[in-house]
Amino acid sequence: MEKREQMYEGKAKKVFATGDPELCIVSYKDDATAFNGVKRGTIMGKGVINNRLTNRLMRLLMENGVPTHFVEELSDRDTLVKRVQIVPLEVIIRNISAGSFAKRYGVEEGIVFDAPTIEFSYKNDELGDPLINSYHALALKLATKEEIETIKAYSFKVNEVLKAFLYEHGIELVDFKLEFGRLADGSIVLADEISPDTCRFWDVKTHEKLDKDRFRRDLGGVEDAYQEVMRRIIGE
Ligand code: TMP
1 MEKREQMYEG KAKKVFATGD PELCIVSYKD DATAFNGVKR GTIMGKGVIN NRLTNRLMRL
61 LMENGVPTHF VEELSDRDTL VKRVQIVPLE VIIRNISAGS FAKRYGVEEG IVFDAPTIEF
121 SYKNDELGDP LINSYHALAL KLATKEEIET IKAYSFKVNE VLKAFLYEHG IELVDFKLEF
181 GRLADGSIVL ADEISPDTCR FWDVKTHEKL DKDRFRRDLG GVEDAYQEVM RRIIGE
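Letter by letter, the sequence shown follows residues 1 to 236 in the numbering used here.
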């Protein structure tokens, strides 16, 4: 399967058409942005790491009953995926307080929750991805009631599976963002990526940050953190 015309370029990935209308190729870039594109930079080797990590985790989720868009890893940066229409909702699951949760509610980072939380943002860069609830999502016709229920159930399942798997590899899953898509037949599948760009990963023992917060907050050691996550999960 080879790349045809570019369909879309996002902040961290490009999407290409293929000869099959139901398949696309995603190509991961080293570009990094934060704060809705205000802060920009490059994280050397990030594209390769995020491609390989996402695919490893998507496979794990599929083995555990979560349908995804993943089809086949084509190269270090390129992956064949099912073509979907992205549901314009970013789903955020949290196990531990951090980031915008800590800021919004005026609490420190690192509070371990008794149960995971879920929240939605409206995926719209012009509006800065505002926080919304499921009633707003329905009012805006972003998804149906059934789709929202499916998305919630899959998201909590993703959390259960990833949290346990990452813990075995010395990584605490603090929080993460998911995106879902609709296949041609209307069914919902997990799409986008699962990587240190879209998750907070802390070392289980030291709580050292092993994710994009090192870039967002200018903590240094960004490339090393991505490499370390790759080493722990894939073994390279
Ligand atoms: P937040 O604490 O800034 O709301 O982020 C929650 C999680 O979502 C964190 O793991 C990082 C991820 N995230 C994205 O993947 N994309 C984004 O644009 C933002 C703001 C957060």
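Beta carbons are placed, not taken as given, at the ideal position from N, Cα and C, and that holds for glycine.
{"Check": "Quick check on DSSP: helix, strand or coil for residue 133?", "Outcome": "coil"}
{"Check": "Given a threshold of 16 other Cβ atoms within 10 Å of its Cβ, counted over all protein chains shown, does residue 147 qualify as buried or as exposed?", "Outcome": "buried"}
{"Check": "Pop quiz: residue 210 and residue 171 are said to be a contact at Cβ under 8 Å. What is the actual Cβ separation, rounded to whole angstroms?", "Outcome": "7 Å"}
{"Check": "Is residue 83 near the ligand TMP, going by C-beta to nearest heavy atom under 8 Å?", "Outcome": "no"}
{"Check": "Give the straight-line distance between the Cα atoms of residue 124 and residue 87, rounded to the nearest whole angstrom.", "Outcome": "11 Å"}
{"Check": "Helix, strand or coil, according to DSSP, for residue 87 in the structure here?", "Outcome": "coil"}
{"Check": "Ignore the nearest five residues each way along the sequence and tell me which others in residue 60's own chain have a CB closer than 8 Å to its CB.", "Outcome": "161, 162 and 165"}
{"Check": "Taking 8 Å as the cut-off, is the C-beta of residue 107 nearer than that to any heavy atom in the ligand TMP?", "Outcome": "no"}
{"Check": "Please report how far the alpha carbon of residue 102 lies from the alpha carbon of residue 72, in whole angstroms.", "Outcome": "38 Å"}
{"Check": "If you check the beta carbons only, do residue 35 and residue 214 fall under 9 Å apart?", "Outcome": "no"}
{"Check": "Would you say the beta carbon of residue 199 is closer than 8 Å to some non-hydrogen atom of the ligand TMP?", "Outcome": "yes"}
{"Check": "Just checking residue 90 against the ligand TMP - is the residue's beta carbon closer than 8 Å to any of the ligand's heavy atoms?", "Outcome": "yes"}
{"Check": "From residue 44 to residue 53, what distance separates their C-alpha atoms?", "Outcome": "15 Å"}
{"Check": "Compare the Cα-Cα distances from residue 120 to each of 136, 173, 49 and 62 and report the closest residue.", "Outcome": "136"}
{"Check": "Looking only at its chain, what residues have a beta carbon closer than 8 Å to the beta carbon of residue 144, apart from the 5 residues adjacent to it on each side?", "Outcome": "138"}
{"Check": "At a cut-off of 8 Å, is residue 185 close to the ligand TMP when judged by its beta-carbon and the heavy atoms of the ligand?", "Outcome": "no"}
{"Check": "With distances taken Cα to Cα, identify the nearest neighbour of residue 183 among 68, 84 and 74.", "Outcome": "84"}
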